[in-house]
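Numbering (the working numbering), first residue to last: 4 to 141. We treat Cβ as the ideally placed atom computed from N, Cα and C, and that holds for glycine. Okay, so here's the structure we're looking at.
Right, here's the structure in full:
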């Protein structure tokens with residue numbers, strides 16, 4: 004399942020239900036991909052690099068990752084997105100680590116067996132806080 008979520012996160016996969024003869028019975032909606040403007044905002048927030056602390060991969064080479072997966076109702080907005088290089092993107096999908104957003108900044112949470120205190124550690128170089136700008140759309 005983590006591999007499917009990882010592919011859906013970056014490759015624009017659509018769910019398809021096929022009948023016995025291979026006919027398409029259901030073609031799901033297109034995944035919501037982050038816009039160029041959203042990616043730029045996340046890049047500024049992360050200092051121009053992968054949001055993983057210590058990673059020097061430029062943000063232009065990173066994947067936009069939904070913190071709460073789109074397939075599970077996560078929104079495609081900057082308060083639910085981080086930019087991760089392909090290596091760290093695979094790592095977050097294939098490990099027990101999770102990312103949480105707190106006041107517009109990404110934090111890494113280690114699994115309980117590794118960190119019983121569940122201490123959240125700030126990711127990357129997040130100097131800026133993203134704010135909900137829904138009031139601008141009215």
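Nearest-angstrom Cα separation, counted from residue j out to residue i
{"i": "residue 121", "j": "residue 24", "result": "50 Å"}
{"i": "residue 132", "j": "residue 75", "result": "Low local confidence applies: a pLDDT of 49 at residue 132 is under 50, so the model's placement there is unreliable, with the coordinate-based value given in what follows. Residue 132 and residue 75: Cα-Cα distance of roughly 24 Å."}
{"i": "residue 95", "j": "residue 110", "result": "12 Å"}
{"i": "residue 93", "j": "residue 28", "result": "31 Å"}
{"i": "residue 81", "j": "residue 42", "result": "8 Å"}
{"i": "residue 83", "j": "residue 104", "result": "7 Å"}
{"i": "residue 135", "j": "residue 44", "result": "Residue confidence is low: residue 135 scores 46 on pLDDT, short of 50, so the model does not pin down where it sits. Its coordinate-derived value is still stated next. Cα to Cα, the separation comes out at about 13 Å."}
{"i": "residue 97", "j": "residue 126", "result": "18 Å"}
Pair within 8 Å by beta-carbon distance, residue i and residue j
{"i": "residue 91", "j": "residue 116", "result": "no"}
{"i": "residue 70", "j": "residue 77", "result": "yes"}
{"i": "residue 101", "j": "residue 37", "result": "no"}
{"i": "residue 51", "j": "residue 61", "result": "yes"}
{"i": "residue 118", "j": "residue 89", "result": "no"}
Residue i - containing beta strand (DSSP E), residue span
{"i": "residue 105", "result": "101 to 105"}
{"i": "residue 108", "result": "108 to 112"}
{"i": "residue 124", "result": "123 to 125"}
{"i": "residue 85", "result": "84 to 87"}
{"i": "residue 21", "result": "19 to 21"}
Any C-beta of chain C under 8 Å from that of residue i
{"i": "residue 75", "result": "Protein chains in the displayed structure number just one, and chain C is not present."}
Residue i (DSSP reduced to helix, strand or coil)
{"i": "residue 70", "result": "coil"}
{"i": "residue 115", "result": "coil"}
| Curious, which full-length beta strand (DSSP E) runs of at least 3 residues does the segment 26 to 67 contain? | Secondary structure remark: continuous beta strand (DSSP E) runs of at least 3 residues inside the segment 26 to 67, in chain order: 27 to 30.
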